[in-house]
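These notes concern the structure reproduced below.
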Amino acid sequence: MKLMGLTGAIKIVFSKPEYIGMAAVVFVAMFFILAYLSEFVFFEPYFVLYVPADRAVSFVTLVTVAAMSGLVIPLSVFRLILLNVQTRKIGGSFIGSLVGVSAGACSCGPVGFAIISTFGAAGGVATSFLTAYEIPLRLVSIAILGVVYYTASRSIRAECRIK
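Here the sequence shown is numbered in the numbering used here, starting from 1047 and rising by one per residue.
Okay, here's the thing in structure tokens:
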């Protein structure tokens, strides 16, 4: 199987419906969890998606983290299950995915701030840090997920090459 660039891995992985479904489930779950915690989505008294103009950049980074997670996790699962790659090689991919997702989720808005603030002075420092650096933390998360995508795609491309 001859692959052209890094998009060849996407063609291979997402040619199977179960990986498309996995990507959709991961994206939707990540999006709704992060959007709810960041107070972009409200479920009571009605379902409402509200993005204030001053928080549009935060919303875009949230959607990007959810989309990148939906792309990277099926690639990593594909490498693990179908390519029979050693778990030592794949571990970095899953750790990178988890770090990227948690970096995007750690700036989770007022709900997270309320939980963090229960830790006293340290919680206050953490709250002010997360408030000031919410967007940069999500950008770091996107960068981490981008590196994981690159390494997973490169690995899949190398494993699927005809020798």
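Cβ atoms here follow ideal geometry from the backbone N, Cα and C, with glycine treated the same way.
Start and end residues, alpha helix (DSSP H) containing residue i
i: F1124; result: A1102 to I1127
i: V1074; result: P1063 to L1083
i: V1055; result: Here residue 1055 turns out to be Ala, not Val, going by the sequence shown. Element bounds for A1055: T1053 to V1059.
Per-residue burial, residue i [other beta carbons within 10 Å of its own, 16 or more giving buried]
i: R1200; result: exposed
i: T1053; result: exposed
i: P1120; result: buried
i: K1048; result: Bear in mind that the predicted position of K1048 carries a pLDDT of just 48, short of 50, making it too unreliable to give a figure here.
i: I1202; result: buried
i: S1115; result: buried
i: S1061; result: exposed
i: V1094; result: exposed
i: V1071; result: exposed
i: K1209; result: In this prediction, K1209 scores a pLDDT of 41, lower than 50, which makes its location untrustworthy; the coordinate-derived value is nonetheless stated afterwards. Exposed, because fewer than 16 other Cβ atoms sit within 10 Å of the Cβ of K1209.
i: A1075; result: exposed
i: I1127; result: exposed
i: V1103; result: exposed
i: A1055; result: buried
Expected contact under 8 Å - CB spacing of residue i and residue j to nearest Å
i: V1109; j: F1077; result: 7 Å
i: S1084; j: A1198; result: Wrong, their Cβ atoms sit about 27 Å apart, outside the cutoff.
i: Y1065; j: F1105; result: The pair is not a contact, with the Cβ atoms about 27 Å apart (cut-off 8 Å).
i: F1086; j: A1113; result: The pair is not a contact, with the Cβ atoms about 15 Å apart (cut-off 8 Å).
i: T1021; j: I1181; result: Because the chain here runs from 1047 to 1209, residue 1021 falls outside it and cannot be looked at.
i: A1069; j: L1117; result: 6 Å
i: V1097; j: I1188; result: Contact doesn't hold; Cβ gap of about 18 Å is too wide.
Three-state secondary structure assigned by DSSP to residue i
i: R1194; result: Note that residue 1194 is Val in the sequence shown here, rather than Arg. Three-state DSSP puts V1194 in a helix.
i: V1094; result: strand
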